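This report concerns only the one structure given below.
In the numbering used here, the protein residues as written are 157 to 496.
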């Protein structure tokens with residue numbers, strides 16, 4: 157009998173321990189945890205927008221939902237493609253990334269990184285807010301078992317390097333430039349600008365710049381600043397060639413598991429956080445540039461004629477990618493979004 161009583165006591169203790177582990181944060185039960193992954197450093201615009209999302213979700217749910225944020229693709233070991241796979245399976249619930257990171261699954265996503273799509277930031281924001289664009293891109297997301305929660309402005313991808321000021325495509329010739337692992341960027345820099353593009357995960361870029369393995373990289377100014385690239389890169393060319401966006405995708409498996417109320421909270425919080433990102437970038441980018449100038453970074457602001465030289469040199473890339481991306485997609489991205 158003593159043995160049986162001892163066994164029952166141990167079982168009860170194990171069960172109680174398991175109950176505590178399952179009770180969630182702060183001893184609350186039935187807490188829905190959302191694992192949110194993004195590709196950038198802590199303190200980046202992507203991270204700050206994710207923090208806003210966390211705040212909105214947790215406040216709106218009264219603590220019944222919790223958002224755990226993982227920067228630098230922390231759940232996929234820094235692997236951008238693996239992060240998409242984990243989102244498909246629901247191991248990542250929401251992933252924030254550049255849309256072209258998904259192009260390995262659907263080449264239409266390369267359209268986001270075609271050069272000189274948008275003449276100015278206002279055009280880009282119209283694109284981000286277009287219902288026609290949302291409906292079309294969401295179809296692509298649904299085909300890979302995800303749901304698009306929205307798109308926002310991530311800033312123009314500017315070119316930084318440790319060698320010299322860049323005023324023309326000829327200045328890029330022979331330069332080792334890090335690019336994301338997307339064919340459209342490799343094609344652009346190699347075939348149209350004569351550079352030596354090197355594809356690598358973002359988590360490796362700082363060290364590679366520091367060691368001189370690569371001469372430069374291209375990313376929005378906010379990313380350049382939050383990644384402390386100014387410590388290893390002195391020159392930045394403001395060419396505005398690719399106006400970048402960030403897309404938030406959610407696992408369809410996760411979405412199906414949410415209650416109607418939880419889904420409403422997630423969608424509304426995502427919309428608010430994405431708009432927060434747009435507003436933050438519009439208000440802060442000038443201050444970020446000024447702060448970098450004070451640290452000794454040399455910014456090259458191109459004249460309209462110099463920008464046109466980059467645009468004209470790369471014009472052929474649209475015909476080259478028209479078949480793989482689709483003429484209808486290119487039409488939507490260049491002017492179709494204005495018809496909303």
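Just so you know, even glycine gets a beta-carbon here, dropped at the ideal spot from N, CA and C.
The model shown is predicted, which means the values in this text are computed figures rather than measured ones.
Extent of the continuous alpha helix (DSSP H) run through residue i
i           : result
residue 192 : It is not in any alpha helix (DSSP H) - residue 192 instead sits in the beta strand (DSSP E) that spans 188-194.
residue 284 : 277-285
residue 249 : No alpha helix (DSSP H) contains residue 249, which DSSP labels as neither H nor E.
residue 457 : Here residue 457 belongs to no alpha helix (DSSP H); instead the beta strand (DSSP E) covers 454-457.
residue 209 : 201-216
residue 256 : Here residue 256 belongs to no alpha helix (DSSP H), and DSSP marks it neither H nor E.
residue 235 : Residue 235 -> no alpha helix (DSSP H), and no H or E assigned at all.
residue 264 : It is not in any alpha helix (DSSP H) - residue 264 carries neither H nor E in the DSSP assignment.
Residue i vs residue j beta-carbon contact at 7 Å
i           : j           : result
residue 459 : residue 268 : no
residue 366 : residue 388 : yes
residue 356 : residue 334 : yes
residue 309 : residue 280 : yes
residue 380 : residue 480 : no
residue 289 : residue 477 : no
residue 475 : residue 287 : no
residue 249 : residue 383 : no
residue 405 : residue 245 : no
residue 307 : residue 403 : yes
residue 444 : residue 391 : no
For residue i, the residue or residues it bridges with in DSSP
i           : result
residue 311 : 400
residue 226 : 193
residue 407 : 302
residue 356 : The partner list for residue 356 (beta bridge, DSSP) is empty, contrary to what the question assumes.
Opening and closing residue of the beta strand (DSSP E) in which residue i lies
i           : result
residue 373 : 372-376
Collapsed DSSP secondary structure at residue i in the structure displayed
i           : result
residue 465 : helix
residue 383 : coil
residue 391 : strand
residue 172 : In this prediction, residue 172 has a pLDDT of 39, which is less than 50 and means its spatial position is unreliable; nothing more can be read from the coordinates.
residue 335 : strand
residue 302 : strand
residue 351 : coil
residue 480 : helix
residue 322 : coil
residue 317 : strand
Residue burial classification, residue i (beta-carbon count within 10 angstroms, cutoff 16)
i           : result
residue 186 : exposed
residue 264 : buried
residue 446 : exposed
residue 178 : A caution first: residue 178 carries a pLDDT of 37, below 50, which makes its placement in the model unreliable, though a value can still be read off. So residue 178 ends up on the exposed side.
residue 375 : buried
residue 415 : exposed
residue 377 : buried
residue 471 : exposed
Distance cut-off 6 Å: residue i Cβ against heavy atoms of the ligand ATP
i           : result
residue 242 : As for the ligand ATP, it is missing from this structure, which has no ligand bound.
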